[in-house]
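For reference, the structure discussed in these notes is given below.
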Amino acid sequence: MTQISGPGRTPGGTPAQPLGQIPVVLTAGTVVGDGSTATSTARARWRHGRTTAIVVALLVVVAALSVLPRPRTSGIPLAPDNPSPAGGRAVARILTDRGVTVEYVRTTAAAAARATSGATLLVTSTDLLDSAQVAALGRTTADLVLVDPSAPALDALSDGRADRYGTPRAPGTIVSADCSDADAQAAGRITVDASGLLLVDGAGVVCFPGDDRSTGAYLVLTGHRRLTALASAEPLTNGALAQAGNAAIALRALGRNDTLVWYVPSPQDSGTDQVSAPGLGDLLPPQAGLVGVQLLLVALVAAVWRGRRLGRLVTEPLPVVVRSSEAVRGRGRLYRRSRSLGHAAAALRAGTARRCATRVGLARSADAVTVIDAVARATGRPSEEIAALLYGPPPTDDGGLAHLARRLDDLESEVHRT
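Be aware that the sequence shown starts at 43, since it is given in our numbering, and climbs by one per residue.
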């Protein structure tokens, strides 16, 4: 602890410095004016703000992780960015590692534009394509690989040289090649869940036959370009790629050229001449959903935090007691100042009708007709007069309002005398 001496000499005999010039050093245990130390003040501040600091730190970490680049995935069947068992990302990755450029498209226009000579065009399904779209694919010069093609699409794209009829099989059925095609012989056996591909004129090869030896699950036609058709998408999927010879038939069919146009038809694709407008999800960055969830979490935390700061509701007595008569006079003055004759008349009539109905033994839920009949019987007045008094048109001036009030008072007094 630093000793502070007054003016004069120090205990050692040396002249003392003035009090205001003496340097005072505060250490961690030094007690300041309010009785706290620097350490205790820091601990108190940490206890007060640690919850907010932890929440902010967590939000910063989550926000940092959300903006980190990560591969984009989807759940579209047989898409090259789908990592699920029904996707095709495994084949796309292997082809990319082997130097094949994979171009993923969702429209017929994009597929037709990129499927040039020396490339391979993979069409994962033809169910969503109309005849004009099939014709546009047929005009391309790239090699075609059709997966699970429909009979009309296969007939159009093969120039009538091939056809198909539905022959389903149990998923995972293993079939041997049993043909002369080199790719099929290299695969040996594949797993399929459908068959039914056949040749019309015999100028081609059908492999992996079914019960009918003239049909199979794999068809190859050669000519001005190579057309390969797979009756089943199972050999290309992530879940079945490692089974039997699926990987061999997939890589050989799709990797014959340096460029592979991977076309997955989209339901939003309306044809070859129109480009579908991007939706809201396409305009937003991939992290938009996660950022939105974070903002919602921040708003929820802020609401809970502010709610706790407000505390529970506390009832307090009014500073003054307002008598009912004063409240009635105040409301009357407000009606008069705003010229609300209709509101004032409605209030007078409602009060009179309620009290008269109670007097004659009616419930509060009684309708107007019942109240009018009961009051007319109690007073002996005509029902039309009672209806005009209780439910008539509003007065147009102050004199009319005063006259209505007197008549209502007379009516109520007659009901009370009965």
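Even glycine gets a Cβ: it sits at the ideal position worked out from N, Cα and C.
Distance, residue j Cα to residue i Cα
| i | j | result |
| --- | --- | --- |
| residue 15 | residue 345 | In the structure displayed, the chain extends from 43 to 460; residue 15 sits before or after that span and is not available. |
| residue 140 | residue 269 | 22 Å |
| residue 192 | residue 298 | 24 Å |
| residue 333 | residue 137 | 34 Å |
| residue 131 | residue 280 | 7 Å |
| residue 390 | residue 427 | 16 Å |
| residue 255 | residue 300 | 34 Å |
| residue 134 | residue 142 | 9 Å |
| residue 100 | residue 117 | 30 Å |
| residue 70 | residue 88 | Because the pLDDT at residue 70 is just 44, under 50, the model does not fix this residue reliably, and the value given afterwards should be weighed accordingly. Distance between the alpha carbons of residue 70 and residue 88: 16 Å. |
| residue 382 | residue 375 | 10 Å |
| residue 461 | residue 456 | Residue 461 falls outside the range modelled here, since the chain spans only 43 to 460, and no answer is possible. |
| residue 119 | residue 172 | 20 Å |
| residue 195 | residue 222 | 25 Å |
| residue 245 | residue 263 | 7 Å |
| residue 149 | residue 155 | 10 Å |
| residue 458 | residue 356 | 44 Å |
| residue 267 | residue 183 | 7 Å |
| residue 410 | residue 401 | 15 Å |
| residue 441 | residue 387 | 12 Å |
| residue 423 | residue 397 | 17 Å |
| residue 147 | residue 311 | 11 Å |
| residue 81 | residue 102 | 28 Å |
| residue 206 | residue 250 | 14 Å |
| residue 265 | residue 331 | 49 Å |
| residue 91 | residue 83 | 12 Å |
| residue 358 | residue 365 | 18 Å |
| residue 159 | residue 127 | 32 Å |
| residue 370 | residue 94 | 51 Å |
| residue 340 | residue 106 | 15 Å |
| residue 72 | residue 85 | In this prediction, residue 72 scores a pLDDT of 43, lower than 50, which makes its location untrustworthy; no coordinate-derived value is stated. |
| residue 104 | residue 337 | 11 Å |
Sub-7 Å separation of residue i and residue j beta-carbons
| i | j | result |
| --- | --- | --- |
| residue 186 | residue 170 | no |
| residue 443 | residue 435 | no |
| residue 307 | residue 167 | yes |
| residue 230 | residue 287 | yes |
| residue 122 | residue 347 | no |
| residue 283 | residue 275 | no |
| residue 176 | residue 198 | yes |
| residue 241 | residue 234 | no |
| residue 15 | residue 258 | Because the chain in this structure spans residues 43 to 460, residue 15 falls outside the shown range and cannot be described. |
| residue 414 | residue 429 | yes |
| residue 394 | residue 454 | yes |
| residue 296 | residue 302 | yes |
| residue 291 | residue 216 | no |
| residue 425 | residue 418 | yes |
| residue 252 | residue 237 | yes |
| residue 416 | residue 404 | yes |
According to DSSP, residues forming a beta bridge with residue i
| i | result |
| --- | --- |
| residue 260 | 249, 272 |
| residue 304 | 146, 164 |
| residue 205 | 240 |
| residue 118 | BP columns for residue 118 are empty, so no partner. |
| residue 136 | Its beta-bridge partners do not exist; DSSP assigns none. |
| residue 231 | 218 |
| residue 188 | 165, 271 |
| residue 486 | Nothing about residue 486 can be read from this structure; the chain reaches only from 43 to 460. |
Whole-Å CB distance - residue i paired with residue j, under 8 Å assumed
| i | j | result |
| --- | --- | --- |
| residue 189 | residue 272 | 5 Å |
| residue 343 | residue 97 | 6 Å |
| residue 212 | residue 219 | Wrong, their Cβ atoms sit about 19 Å apart, outside the cutoff. |
| residue 179 | residue 204 | About 15 Å separates the two Cβ atoms, so there is no contact after all. |
**Message:** Could you tell me which whole alpha helix (DSSP H) segments of length 4 or greater appear in the stretch 348-411?
**Reply:** 366-379, 383-401
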